[in-house]
Amino acid sequence: MLQLTFIRENKDLTLAGLRKRHFTNADAIIEQVLSLDQKRRDTQRDLDDTLARSNAKAKEIGALMKTGDKAAADAAKAETAELKVRSKDLEEVLRTAEQQLQEVLVTIPNIPHSSVPEGRTPDDNEVVLEHGNKPDLPADAQPHWELVRKYDIIDFELGVKIAGAGFPVYKGKGARIQRALINFFLDEALKAGYVEVQPPIVVNEDSGFGTGQLPDKEGQMYYVTEDKLYLIPTAEVPITNLYRDVILPESQLPVRNVGYTPCFRREAGSWGAHVRGLNRLHQFDKVEIVRIERPDQSYAALEEMSLHVQSLLQKLELPYRVLRLCGGDMGFTSALTYDMEVWSAAQQRWLEVSSVSNFETYQANRLKLRSKLDGKMQLMHTLNGSALALPRILASILENNQTPDGIRIPQALVPYCGFDVID
RNA sequence: AGAGAGAUGGCAGAGUGGUCGAUUGCGUCGGUCUUGAAAACCGAAGACUGUAACAGGUCCGGGGGUUCGAAUCCCUCUCUCUCUGCCA
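Positions in the first sequence are counted from 1; adding 1467 to them yields the working numbering.
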């Protein structure tokens, strides 16, 4: 959520940012925010004034009671009735204004960083760099959904029986390579200075709101109605919310956490031609890195996270590219996002395996995540990134490394797998 | 799941209708002392809102109520603890 004072003091900047996002109705909505804010503050002042007079009267009555002047006390009591009615009314007006303001504010996305490219669709994203050589596969190379059947390492039909489409069953070396990838990613993060956490994989409504999934992406999450809990779509939600309503001592900054969790996404209405096999699932595994930074350090941290993710891809010997998302393609809460995509040789397409974002104070404002720096209380910057999401990594490893004798496991992963080929 | 107890500042823990934003202890920070540290002593310190700055307002788990006045009384929700039951 944007800060009200920021909008108030930087109206033009705000509008320019929203335009970059191709956010419709920006002018009208900002006008509405400003007028509601004005009303809120005027009412607040009236109310405060009324309450101040009530408080004074109450004190006066207390003093009169003490001296035993009952008649004077009763007279003073009579004077409070009007103040009471007035403050009740004003409270109601104030509550309504605050509520309306909140309702509008949560519909406004984050302001893009100045380096975010102009653009409307994924085609407008900027390719920052490409790394590695795309392998030349023989003509009879198979996509991963054929390969997993051939080597019997993932069973999609069995998953349908147990749960439904999009819930695969990993078997044998398929299960072991999943476990290997998770451990590899976690170990690499530990080496880079991250502290491992194991959060709950369900969250309450406050948590969903804190990181921005609610109320915006309600339909994207599985919901357990009986207990009012959401299955997490990413570990970003529980891990970042560890710091909700927290004032971090300066000595604890920066915070670096890494966590492995399964992730659940309903993906309602997004099933189509491009989602075969592992390309899009309802349940998948992911290792996530989360950081909390001083505002002046957050963009350096973002670059560091990007390099960390790239180092993982390099160790896995996967060709990849890094995109800087354009204004129209960025997530609602982000100020700057890098997407990492690996080359999937048999499908002949790039697959997104990581998204690394700086949210600046957007999440922190909802979370009330602050720190006192240089004697001033201020919102911290939150960042997160996948490091990494498993299914598409696996898809790419399977496709890129297929040989007539089986699938070669990347060297870095062999110690974790305990085998060097799937055959 | 049943019965009972409880929720107060970073933590511990007072406060049961009126100068209580809240005693005290520990912890934290600053100072004195010391070559330095510890100890001792002295002092400082909540958050939000608001103002040009003061002032003012709000906050004792959440919400509502009684009262001129609520941390304190009433209702309700949530959570925690203890005992019993069940269970990885």
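Even for Gly, the Cβ is constructed at its ideal location relative to N, Cα and C.
Proximity of residue i and residue j at Cβ, strictly below 8 Å
i	j	result
G1794	R1507	no
S1582	L1803	yes
R1859	L1745	yes
D1622	K1638	yes
A1768	L1715	no
L1604	A1831	no
G1798	S1765	no
Y1661	V1725	yes
P1721	I1759	yes
H1598	A1862	no
V1500	I1528	no
E1549	K1524	no
K1478	I1496	no
K1544	S1521	no
V1881	D1872	no
P1635	L1818	no
L1503	A1542	no
Own chain, CB closer than 6 Å to residue i, minus 5 neighbours either side, in chain order
i	result
I1874	L1865, N1868, I1889
D1619	none
T1472	none
T1828	L1846
D1712	K1835
V1820	M1807, V1809, L1855, A1856, R1859, I1860
A1879	K1782
V1615	I1621
L1469	I1575
Residues of its chain near residue i, where Cβ-Cβ distance is below 7 Å and the 5 sequence neighbours each way are ignored
i	result
F1652	V1754, L1779, A1854, L1855
L1840	E1717, R1761
I1706	V1664, P1666, N1724, G1726, E1755, V1757
T1678	E1703, V1704, T1707, N1708, Q1830
G1554	What sits at residue 1554 in the sequence shown is Ser, not Gly. Taken in chain order, the residues that qualify are L1514, T1517, L1518, S1521.
E1655	L1779
For residue i, the three-state DSSP class (helix, strand or coil)
i	result
V1464	With the chain represented from 1468 up to 1890, any question about residue 1464 goes unanswered, as that position is not in the structure.
H1894	Beyond the ends of the chain as shown, which are 1468 and 1890, falls residue 1894; an answer cannot be given.
T1849	strand
Y1637	strand
Y1618	coil
I1756	strand
G1885	coil
E1570	helix
G1626	helix
L1880	helix
A1606	coil
E1585	coil
V1742	coil
A1856	strand
Q1777	helix
H1598	strand
Q1869	strand
E1476	helix
E1734	coil
Q1470	coil
R1875	strand
Own chain residues within Cβ distance below 8 Å of residue i, not counting five before or after
i	result
Q1687	Q1680, P1700, R1732, R1733, E1734, A1735
C1884	K1640, R1643, I1644, A1647, I1876
Y1690	L1696, Y1697, L1698
N1671	K1695, L1696, Y1697
A1608	A1812, A1813, E1866, Q1869
Three CB pairs or more closer than 8 Å across the region 1583–1598 and the region 1525–1544: The region 1583–1598, when compared against the region 1525–1544, does not touch it at the 8 Å Cβ threshold.
Touch test, the region 1752–1767 against the region 1852–1871, Cβ-Cβ under 8 Å, three pairs minimum: Touching, yes.
In chain order, each alpha helix (DSSP H) run of at least 4 residues that lies wholly inside the region 1659–1729: 1672–1677, 1703–1708
The region 1576–1591 / the region 1792–1811 touching (three or more Cβ pairs under 8 Å): yes
Touching by the beta-carbon criterion (3+ pairs, under 8 Å), the region 1574–1581 and the region 1479–1486: yes
Uninterrupted alpha helix (DSSP H) stretches inside the region 1481–1548 (no shorter than 4 residues): Segments of the alpha helix (DSSP H) lying fully in the region 1481–1548: 1493–1534.
Validate contact between the region 1552–1559 and the region 1508–1518 using beta carbons, cut 8 Å, 3 pairs: yes
Validate contact between the region 1655–1669 and the region 1688–1701 using beta carbons, cut 8 Å, 3 pairs: yes
Completely contained alpha helix (DSSP H) runs for the region 1782–1843, where each covers 4 or more residues: If we require 4 residues or more, the alpha helix (DSSP H) runs fully inside the region 1782–1843 come out as 1829–1834.
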